[in-house]
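Worksheet: one structure, shown below.
In the numbering used here, the protein residues as written are 6 to 301.
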């Protein structure tokens, strides 16, 4: 749409999914899909790798004008997902990823399929996957001795929040506790939607600030809270993100998992033009230390 890749012919283009991110720019899912589909034409790419498990991926397969290779859960066997790792069988090879969450499986399969098309051998592909360290702020586990899972993730759209909470629920027999907010001066339509998702897929929800930017943090929280009222989760609101993270980790019982979502790798927080240092992982570590001291 912006013409930024005009004149470039890609050997392979990969379609993973289509979510609300940038929907405020495109105006509708139809426009957004049409913009994405432009990449998968002979003028821009020679071969398409498409997620067959995504509904928009299925639509793209139907209209794609270049050769298509699909990927999805069906090509991975004996999948084992943990907080900090994923293991699975692929083309008779055992694969280990040093990052958790089901979405990590999909990202790996996308890259592996693209590499195959480019002529990389299976052995080299598997070796490469196993050498990749976890990505900061993407289902990043915060190790502790408290018997609880703590995960920091960049999930800041309805689709990504649903994905990370789905992964979290699969990893615990205890409760799922989520801390999240929505950014200011961005797509306001997703706020109540994310509130509904959080309260449907979690047992306890802490709605807090993300990057409010020029907006009133309390007003953003109230918009999110509107979406939580149809579900049974226990919902708290707390403008102070640090306090919300501390409260969530303090409340967690052995066997619970706490997901801190929205900011991921970011190292600052912006409120009304003021930018302060803020790192979810660092705050979670401090909260865990505080919990440990209180347990003594």
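Beta carbons: idealized from backbone N, C-alpha and C, even for Gly.
Keep in mind it's a predicted model, so treat the numbers as computed, not measured.
Leaving out five residues on either side along the sequence, give the residues of the same chain with a beta carbon under 6 Å from the beta carbon of residue 94. Here residue 94 corresponds to residue number 89 of the chain shown, with the count starting at 1. Around residue 94, the same chain offers 82, 83 as residues with beta carbons nearer than 6 Å, after the five sequence neighbours per side are excluded.
Can you tell me whether residue 115 is buried or exposed, with buried defined as 16 or more other CB within 10 angstroms of its CB? For the purposes of this step, residue 115 is identified with residue 110 of the chain shown, where counting begins at 1. It counts as buried.
DSSP bridge partner residues for residue 18 (one or two, in chain order): Numbered from its first residue, the chain shown carries residue 18 at position 13. In the DSSP output, where bridge partners are listed per residue, residue 18 has 53.
Per-residue burial, residue 7 [other beta carbons within 10 Å of its own, 16 or more giving buried]: In the chain shown, residue 7 corresponds to position 2, counting from 1. Result: exposed.
Would you kindly work out how many angstroms separate the C-alpha atoms of residue 101 and residue 128, rounded to a whole number? In the chain shown, counting from the first residue as 1, residue 101 sits at position 96. In the chain shown, counting from the first residue as 1, residue 128 sits at position 123. Using only the alpha carbons, I get a separation of about 13 Å.
Would you call the segment 15-26 and the segment 45-65 touching, i.e. three or more CB-CB distances under 8 Å? yes
For residue 173, which residues in the same chain have their Cβ closer than 7 Å to its Cβ, ignoring the five residues on either side in sequence? The sequence position of residue 173 within the chain shown is 168, counting from 1. Within the same chain, residue 173 has close Cβ partners 156, 181, 262, 264.
Let me make sure I understand the geometry here. Which of 68, 30, 136 has the alpha-carbon closest to that of residue 47? Looking up residue 47 in the chain shown gives position 42. When each option's Cα is compared against that of residue 47, the closest is 68.
Which of helix, strand or coil DSSP assigns to residue 88: Numbered from 1 along the chain shown, position 83 holds the residue referred to as residue 88. DSSP places residue 88 in coil when its eight states are reduced to three.
Candidates 123, 284, 79, 151: closest to residue 111 by CA position: Residue numbering aside, residue 111 sits at position 106 when the chain shown is read from its first letter. Comparing Cα positions, the closest option is 79.
My understanding is that residue 103 touches residue 125, with C-beta atoms under 8 Å, so please give their C-beta distance in whole angstroms. Counted from its first residue, the chain shown places residue 103 at position 98. Counted from its first residue, the chain shown places residue 125 at position 120. Wrong, their Cβ atoms sit about 20 Å apart, outside the cutoff.
So if DSSP puts residue 102 in a beta bridge, which residue, or which two residues, is it bridged to? Residue numbering aside, residue 102 sits at position 97 when the chain shown is read from its first letter. Note: residue 102 sits in a beta bridge opposite 91.
Are the beta-carbon atoms belonging to residue 32 and residue 56 less than 8 Å from one another? Looking up residue 32 in the chain shown gives position 27. Looking up residue 56 in the chain shown gives position 51. The answer is no: Cβ separation not under 8 Å.
Helix, strand or coil at residue 143 according to DSSP, with G and I counted as helix: Along the chain shown, read from residue 1 onward, the residue named residue 143 stands at position 138. Coil.
Excluding sequence positions up to five away, which residues of its chain have a Cβ less than 8 Å from the Cβ of residue 256? As a working mapping, residue 256 is identified with position 251 in the chain shown. Excluding sequence neighbours, residue 256 sits near 182, 209.
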